[in-house]
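K.L.:
Handing you a structure now.
Protein chains: 2
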Amino acid sequence: MKPTLKNDRFLRALRRQAVDVTPVWMMRQAGRYLPEYRATRSKAGNFMNLCQNPELACEVTLQPLDRFPLDAAILFSDILTIPDAMGLGLYFEEGEGPRFQHPVTDEEAVAKLAVPDPNDELRYVTDAVSLIRRELDGRVPLIGFSGSPWTLATYMVEGGSSKTFSCIKGMMYSRPDLLHRILAVLADSVSVYLAAQIEAGAQAVMVFDTWGGSLSPATYREFSLAYMTKIVEKLKADATTRDVPVVLFTKGGGQWLELMADSGCDALGLDWTTDLSDARARVGDRVALQGNIDPCVLYAPPDTIREQVAMTLASFGKGNGHVFNLGHGIHPAVNPEHAAALVEAVHELSRQYHQ
Amino acid sequence: MKPTLKNDRFLRALRRQAVDVTPVWMMRQAGRYLPEYRATRSKAGNFMNLCQNPELACEVTLQPLDRFPLDAAILFSDILTIPDAMGLGLYFEEGEGPRFQHPVTDEEAVAKLAVPDPNDELRYVTDAVSLIRRELDGRVPLIGFSGSPWTLATYMVEGGSSKTFSCIKGMMYSRPDLLHRILAVLADSVSVYLAAQIEAGAQAVMVFDTWGGSLSPATYREFSLAYMTKIVEKLKADATTRDVPVVLFTKGGGQWLELMADSGCDALGLDWTTDLSDARARVGDRVALQGNIDPCVLYAPPDTIREQVAMTLASFGKGNGHVFNLGHGIHPAVNPEHAAALVEAVHELSRQYHQ
Numbered sequence: 008m009k010p011t012l013k014n015d016r017f018l019r020a021l022r023r024q025a026v027d028v029t030p031v032w033m034m035r036q037a038g039r040y041l042p043e044y045r046a047t048r049s050k051a052g053n054f055m056n057l058c059q060n061p062e063l064a065c066e067v068t069l070q071p072l073d074r075f076p077l078d079a080a081i082l083f084s085d086i087l088t089i090p091d092a093m094g095l096g097l098y099f100e101e102g103e104g105p106r107f108q109h110p111v112t113d114e115e116a117v118a119k120l121a122v123p124d125p126n127d128e129l130r131y132v133t134d135a136v137s138l139i140r141r142e143l144d145g146r147v148p149l150i151g152f153s154g155s156p157w158t159l160a161t162y163m164v165e166g167g168s169s170k171t172f173s174c175i176k177g178m179m180y181s182r183p184d185l186l187h188r189i190l191a192v193l194a195d196s197v198s199v200y201l202a203a204q205i206e207a208g209a210q211a212v213m214v215f216d217t218w219g220g221s222l223s224p225a226t227y228r229e230f231s232l233a234y235m236t237k238i239v240e241k242l243k244a245d246a247t248t249r250d251v252p253v254v255l256f257t258k259g260g261g262q263w264l265e266l267m268a269d270s271g272c273d274a275l276g277l278d279w280t281t282d283l284s285d286a287r288a289r290v291g292d293r294v295a296l297q298g299n300i301d302p303c304v305l306y307a308p309p310d311t312i313r314e315q316v317a318m319t320l321a322s323f324g325k326g327n328g329h330v331f332n333l334g335h336g337i338h339p340a341v342n343p344e345h346a347a348a349l350v351e352a353v354h355e356l357s358r359q360y361h362q
Numbered sequence: 008m009k010p011t012l013k014n015d016r017f018l019r020a021l022r023r024q025a026v027d028v029t030p031v032w033m034m035r036q037a038g039r040y041l042p043e044y045r046a047t048r049s050k051a052g053n054f055m056n057l058c059q060n061p062e063l064a065c066e067v068t069l070q071p072l073d074r075f076p077l078d079a080a081i082l083f084s085d086i087l088t089i090p091d092a093m094g095l096g097l098y099f100e101e102g103e104g105p106r107f108q109h110p111v112t113d114e115e116a117v118a119k120l121a122v123p124d125p126n127d128e129l130r131y132v133t134d135a136v137s138l139i140r141r142e143l144d145g146r147v148p149l150i151g152f153s154g155s156p157w158t159l160a161t162y163m164v165e166g167g168s169s170k171t172f173s174c175i176k177g178m179m180y181s182r183p184d185l186l187h188r189i190l191a192v193l194a195d196s197v198s199v200y201l202a203a204q205i206e207a208g209a210q211a212v213m214v215f216d217t218w219g220g221s222l223s224p225a226t227y228r229e230f231s232l233a234y235m236t237k238i239v240e241k242l243k244a245d246a247t248t249r250d251v252p253v254v255l256f257t258k259g260g261g262q263w264l265e266l267m268a269d270s271g272c273d274a275l276g277l278d279w280t281t282d283l284s285d286a287r288a289r290v291g292d293r294v295a296l297q298g299n300i301d302p303c304v305l306y307a308p309p310d311t312i313r314e315q316v317a318m319t320l321a322s323f324g325k326g327n328g329h330v331f332n333l334g335h336g337i338h339p340a341v342n343p344e345h346a347a348a349l350v351e352a353v354h355e356l357s358r359q360y361h362q
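Listed in order, the protein sequences are those of chains A and B.
Last residue of the first sequence: 362 (my numbering), numbering continuous.
Last residue of the second sequence: 362 (my numbering), numbering continuous.
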């Protein structure tokens with residue numbers, strides 16, 4: 008028997024229902040800007056230990072909620088859990104970002120890829136979701152998440168982060184068949200992974216397409232959006248997952264919001280390069296919008312943060328369907344008191360838009 | 008007495024006049040993908056020596072024209088010549104990109120900034136322009152260029168490249184007055200710098216706003232576009248510069264094309280995230296368009312390059328006002344024969360659109 012949800016603003020906003028104030032959470036709200044996070048991470052030894060230990064993952068997930076009156080918790084994990092579970096050997100080099108020991112660069116490597124079992128290789132994730140949901144005890148909803156197929160594939164083919172995406176785009180233009188096979192396995196993997204997170208207790212799910220914005224309109228549709236759409240369709244076709252809101256976020260995807268809304272998702276995440284007023288005019292009768300203040304605003308003094316929050320709220324305007332968030336993850340160097348100022352300002356200043 | 012221009016397709020297309028085939032050049036066409044460039048650079052010792060020696064800069068500017076039937080030459084130089092001439096001490100660390108010894112981080116450093124004299128501190132640039140123009144002997148037009156004020160300021164305030172722009176955006180939100188002073192000096196500097204390049208022989212000029220796409224719509228207008236507009240206005244107000252076409256290129260600026268066209272410029276550079284057909288429908292009756300194939304297409308085999316060129320040409324369609332280009336600089340790992348295939352395909356396949 009799950010406890011009653013005491014604060015359902017976030018889920019109501021994703022469904023474009025009325026709320027008292029605009030709900031707010033922050034991408035990477037459990038992260039390095041919090042000293043208590045750094046303490047737990049140092050206890051864990053390294054980043055992957057932290058992700059793979061459900062008790063520690065639960066601990067850091069809840070830390071920002073103890074500081075700020077956030078309206079949602081998000082599972083603490085990494086976007087690269089799926090390729091790691093596929094046997095690619097994820098590791099982190101200090102200051103270098105994620106790397107894979109076995110990048111997927113040829114036909115043979117592609118042929119070996121298989122959908123990981125979310126209740127076996129990825130059991131540490133579903134265990135963390137169950138534990139966090141229990142510990143939250145109905146305070147706020149819990150968000151599950153995954154990287155998008157395209158974004159996961161960039162790391163798998165490049166062997167790590169990239170500025171130019173030359174390996175994966177080389178494959179895309181030279182051997183599109185090979186890339187489509189990778190993306191098909193990933194779309195299946197993400198679908199069962201998110202379904203398992205929902206089964207374990209996630210009350211909304213978000214797909215992070217961090218690198219979709221590196222594509223052209225045609226290749227975005229074919230190599231990123233098509234596979235996110237398959238995921239949405241699978242989740243919406245199954246009675247056990249269909250009522251859970253799905254948020255799609257393509258960083259740099261501001262030009263393609265109409266196409267993204269066509270996927271059947273419930274909400275779109277927006278970075279700060281698109282005005283909420285424009286986005287709302289384009290797709291706001293079909294999906295909720297989540298975003299979109301520049302995380303760099305948090306380097307400003309609290310009074311300026313408040314002004315910027317006011318502008319963001321005014322851009323969305325009156326009515327339902329807005330979840331306040333940053334346009335990307337909070338930076339490690341941000342002062343936690345500035346994050347507090349943002350959250351407070353959202354709740355205080357948004358009341359007028361919900362009367 | 009300047010020699011007659013034998014190939015004026017590029018200038019005609021920028022003025023949206025009829026041409027026989029679509030003109031083509033490639034951003035960074037004089038660059039590391041060419042073995043002859045690597046030989047000259049190694050002779051120069053380092054990158055800044057190459058930029059500061061007019062004979063060597065002329066040599067590398069002309070190299071791609073000897074290989075490919077390109078329709079324009081572009082001055083070989085660096086975008087950071089202006090801040091270097093301001094005394095910030097530009098240097099390059101292997102694999103690290105450009106750095107400044109004296110970043111502009113406080114009021115005192117801002118107060119010291121002054122407009123460099125293009126015929127003194129930047130004389131090596133105008134000398135290179137004169138020499139290249141003479142050596143070109145009317146084969147194709149010569150493009151001069153500068154970084155945009157915002158883009159130059161990012162390097163000056165960050166002290167080098169950045170992924171997050173946290174220093175300059177911290178300044179933008181905390182001390183906008185300080186950043187406006189930096190940008191005002193830079194807009195004046197770029198204006199006289201481009202005017203001097205024109206005086207020395209540049210037949211078109213391009214402003215590279217490589218990092219404008221990191222801004223929000225409101226901050227883009229205030230901190231990047233406003234200053235590019237000042238530059239365009241100054242060039243268009245002076246009888247000696249007004250007839251020279253000005254191209255503005257904001258990478259990641261696909262959402263703001265209408266605003267950019269309002270600047271009074273003659274053409275917009277486009278990256279590959281916007282379809283030329285859409286861009287043309289939005290602003291093509293006011294400005295020419297330059298772009299926009301993904302440079303990663305050049306990793307594909309020549310047949311695929313040809314198909315992608317065909318799609319890009321078809322996207323613009325029949326009529327005047329298209330300069331073919333990549334959506335960003337050519338990558339160092341590209342095979343020069345693939346660049347040849349692109350140039351050849353543009354000329355061959357575009358003839359049908361100009362009948």
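Just so you know, even glycine gets a beta-carbon here, dropped at the ideal spot from N, CA and C.
Please list, in chain order, the residues of the segment 209-234 of chain B that have any C-beta partner in chain A closer than 9 Å.
P.N.:
Here the close residues are G220, S221, L222, S223, P224, A225, T226 and Y227.
K.L.:
Buried or exposed for S49(B), going by 16 or more other Cβ atoms inside 10 Å?
P.N.:
With fewer than 16 other Cβ atoms within 10 Å, it is exposed.
K.L.:
Measure the C-alpha to C-alpha separation of L82(A) and T68(A) and round it to an integer number of angstroms.
P.N.:
Each residue's Cα considered, the two are about 6 Å apart.
K.L.:
Under DSSP, the alpha helix (DSSP H) around V353(B) begins and ends at which residues?
P.N.:
Counting along the chain, the alpha helix (DSSP H) containing V353(B) begins and ends at P343 to S357.
K.L.:
Can you pull the chain B residues whose beta carbon is under 8 Å from the beta carbon of Y306(A), in chain order?
P.N.:
Per Cβ cutoff of 8 Å: S173, K176, G177, Y180 and S181.
K.L.:
Can you tell which of I189(A), A118(A), A246(A) and D285(A) has the C-alpha that lies nearest to the C-alpha of L296(A)?
P.N.:
Minimum Cα distance to L296(A) is reached at D285(A).
K.L.:
Who are the near neighbours of R106(A) in its chain, counting only those whose CB is closer than 8 Å to its CB and skipping five residues on each side?
P.N.:
Contacts found: L97, Y98, F99, E100, G166 and G167.
K.L.:
Determine the direct distance from the alpha carbon of L63(A) to that of A51(A), and round the result to whole angstroms.
P.N.:
Approximately 8 Å between the Cα atoms of the pair.
K.L.:
Which partner residues of M213(A) appear in the DSSP bridge assignment?
P.N.:
Bridge partners of M213(A): F152(A) and V254(A).
K.L.:
Can the beta-carbon of A207(B) be found less than 9 Å from the beta-carbon of I238(B)?
P.N.:
The answer is no: Cβ separation not under 9 Å.
K.L.:
Around the Cβ of A37(B), are there at least 16 other Cβ atoms within 10 angstroms (buried) or fewer (exposed)?
P.N.:
Buried.
K.L.:
My guess is that L305(A) and L264(A) are in contact by the Cβ rule of under 8 Å, so how many angstroms apart are they, rounded?
P.N.:
That pair is no contact at about 25 Å.
K.L.:
Taking just the CA atoms, how far does T217(B) sit from A217(A)?
P.N.:
Note that residue 217(A) is Thr in the sequence shown, not Ala. Spanning the two alpha carbons is a distance of roughly 20 Å.
K.L.:
Suppose you measure from the CA of H187(A) to the CA of C272(A); what does that come to, to the nearest Å?
P.N.:
Cα to Cα, H187(A) sits roughly 22 Å from C272(A).
K.L.:
Among R39(B), N126(B), H109(B) and A203(B), which one has its Cα closest to the Cα of V120(B)?
P.N.:
The identity of residue 120(B) in the sequence shown is Leu, whereas the question assumes Val. L120(B) has its Cα closest to that of H109(B), out of R39(B), N126(B), H109(B) and A203(B).
K.L.:
Taking a contact to mean a Cβ-Cβ separation below 9 Å, would you say P61(B) touches D113(B) in this structure?
P.N.:
No. Outside cutoff.
K.L.:
What would DSSP say about Q24(A), mapped onto helix, strand or coil?
P.N.:
In the structure shown, Q24(A) sits in coil (DSSP, three-state: anything other than H, G, I, E or B).
K.L.:
Apart from the five residues just before and just after L12(A), which ones in its own chain have a Cβ nearer than 7 Å to its Cβ?
P.N.:
G145 and P148.
K.L.:
In whole angstroms, what separates the C-alpha of F75(B) from that of V132(B)?
P.N.:
So the two alpha carbons sit approximately 25 Å from each other.
K.L.:
In angstroms, rounded to a whole number, what distance separates the CA positions of R287(B) and M34(B)?
P.N.:
Cα to Cα, the separation comes out at about 21 Å.
K.L.:
Taking 8 Å as the threshold, find out whether the segment 174-181 of chain B comes into contact with the segment 305-323 of chain A through three or more Cβ pairs.
P.N.:
Yes, since at least three Cβ pairs between the segment 174-181 of chain B and the segment 305-323 of chain A fall closer than 8 Å, the two stretches touch.
K.L.:
For T158(A) and T88(B), I'd like the C-alpha separation in whole angstroms.
P.N.:
Each residue's Cα considered, the two are about 36 Å apart.
K.L.:
Tell me the DSSP bridge mates of L97(A)?
P.N.:
L97(A) is bridged to F107(A).
K.L.:
From F54(A) to H335(A), what distance separates their C-alpha atoms?
P.N.:
F54(A) and H335(A): Cα-Cα distance of roughly 20 Å.
K.L.:
Please classify A25(B) as buried or exposed, where buried requires at least 16 neighbouring CB atoms within 10 angstroms.
P.N.:
Label assigned to A25(B): exposed.
K.L.:
How about H338(A): is its C-beta nearer than 9 Å to some C-beta of chain B?
P.N.:
Chain B, which has a Cβ nearer than 9 Å to the Cβ of H338(A), makes this yes.
K.L.:
Could you tell me how far apart the beta carbons of V136(A) and D78(A) are, in whole angstroms, since I believe they sit closer than 8 Å?
P.N.:
No, V136(A) and D78(A) are not in contact; Cβ-Cβ is about 18 Å, not under 8 Å.
K.L.:
Mind checking the segment 264-283 of chain A against chain B and listing, in chain order, the residues whose C-beta falls within less than 7 Å of any C-beta there?
P.N.:
The segment 264-283 of chain A vs chain B, Cβ under 7 Å: W279, T280, T281 and D282.
K.L.:
From the DSSP output, in three-state form, read off L275(A) for me.
P.N.:
Looking at L275(A) - three-state DSSP - the assignment turns out to be strand.
K.L.:
Under a three-way DSSP split, which group does G328(A) fall into?
P.N.:
The answer is coil: DSSP assigns G328(A) none of H, G, I, E or B.
K.L.:
Extract the residue ranges of the alpha helix (DSSP H) inside the segment 174-214 of chain A, only unbroken runs of 4 or more that lie entirely within it.
P.N.:
DSSP runs (the alpha helix (DSSP H)) wholly in the segment 174-214 of chain A: 183-207.
K.L.:
Just to make sure I have the definition right: I need the residues of chain B whose C-beta is within less than 8 Å of the C-beta of G291(A). Which are they?
P.N.:
Ordered by position in chain B, no residue passes the 8 Å Cβ test against G291(A), which lies about 17 Å from the chain.
K.L.:
Straight-line CA distance for A203(B) to V254(B)?
P.N.:
Approximately 17 Å between the Cα atoms of the pair.
K.L.:
What residue does the alpha helix (DSSP H) around I139(A) start on, and which one ends it?
P.N.:
Per DSSP, I139(A) belongs to the alpha helix (DSSP H) from R130 to L143.
K.L.:
Which chain A residues sit within Cβ distance under 8 Å of Q262(B)?
P.N.:
Those are G261, Q262, T280 and T281, listed as they occur along chain A.
K.L.:
By the three-class DSSP mapping on this structure, what secondary structure does I300(B) have?
P.N.:
DSSP places I300(B) in strand when its eight states are reduced to three.
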